[in-house]
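Residue numbers (the numbering used here), protein chains in the order written: chain A, 1 to 117; chain B, 1001 to 1114.
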């Protein structure tokens, strides 16, 4: 069974540009959440999509956006890149939107390493 | 001050020793507690998931939650060099808002020496 696939694995962009990252969830998974990981701030929640709708959003500026397609694949976009956006961007998928009942079923991908120069 | 505090380490132990990791938190609303392992250039991998206070054991791993002290622990018995990784604690509050919005600690780097 294939895991969560994130593309590209590595990316170098220039300040001011925009970038789109892709996440293909495990087959059958309908929920996709995104996290940013930096050495200074650690892992921080960006947003989560379920059935093509954003269900939760973290405390990030509007430059960070995302979407989910009908096949559950998700993309996140960062516009007007800043040096501080350099990070590992991780997505996690789950069969359902977790409500605290039953097991916790999110699986993380290996991430996209974004470097802004 | 961060909501979840975790000693960054590194924590170096000899093979076969018990690894003891912990996190403290300030938000009393946290009820769901996880421990993740993250190898270099990989995403976090869930090790343990605990709801509310108490102990949970799974193989060589034991997770403890003390909500009265706002303190959680992870113990790894009979540590192996393959356990060398960064260990992250994560927490979630009341699930009125469904989803995967977790608050993570900064992670502790563990090195198990042969």
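Glycine included, C-beta positions come from ideal geometry on N, C-alpha and C.
Item, Value
"Contact check, residue 98 of chain A vs residue 1100 of chain B, beta carbons under 7 Å", "yes"
"Neighbour-count burial assignment, residue 1016 of chain B, 16 or more Cβ in a 10 Å radius", "exposed"
"DSSP state of residue 25 of chain A mapped onto helix, strand, coil", "coil"
"Inter-residue Cα distance where the pair is residue 112 of chain A and residue 11 of chain A", "7 Å"
"Contact list for residue 1104 of chain B against chain A, beta-carbon separation under 7 Å", "42 and 43"
"Residue 1023 of chain B and residue 1038 of chain B closer than 7 Å at C-beta", "no"
"Limits of the unbroken beta strand (DSSP E) element including residue 89 of chain A", "87-94"
"Chain-order list of residues whose beta-carbon lies under 7 Å from that of residue 58 of chain A (same chain, five-residue window excluded)", "44, 45, 46 and 47"
"Residues that residue 1034 of chain B contacts on chain A, provided the C-beta gap is smaller than 8 Å", "104"
"Residue 83 of chain A, DSSP secondary structure in three states", "helix"
"Helix, strand or coil at residue 1081 of chain B according to DSSP, with G and I counted as helix", "helix"
"Within-7 Å CB hit, residue 166 of chain A to chain B", "Nothing can be reported for residue 166 of chain A: it is not among the residues displayed for chain A, which extend from 1 to 117."
"Top-ranked residue by Cα proximity to residue 960 of chain B, from B:1077, B:1029 and B:1044", "Since the displayed chain B opens at 1001 and closes at 1114, residue 960 of chain B lies outside it and no answer follows."
"7 Å CB neighbourhood of residue 1054 of chain B in its chain, flanking five on each side removed", "1065"
"Sheet register partners of residue 1071 of chain B (DSSP bridge)", "B:1024 and B:1066"
"Residue 108 of chain A at chain B interface by Cβ criterion, 7 Å", "yes"
"Backbone CA spacing between residue 102 of chain A and residue 49 of chain A [nearest angstrom]", "20 Å"
"CB contact check: residue 1044 of chain B to chain A, cutoff 7 Å", "yes"
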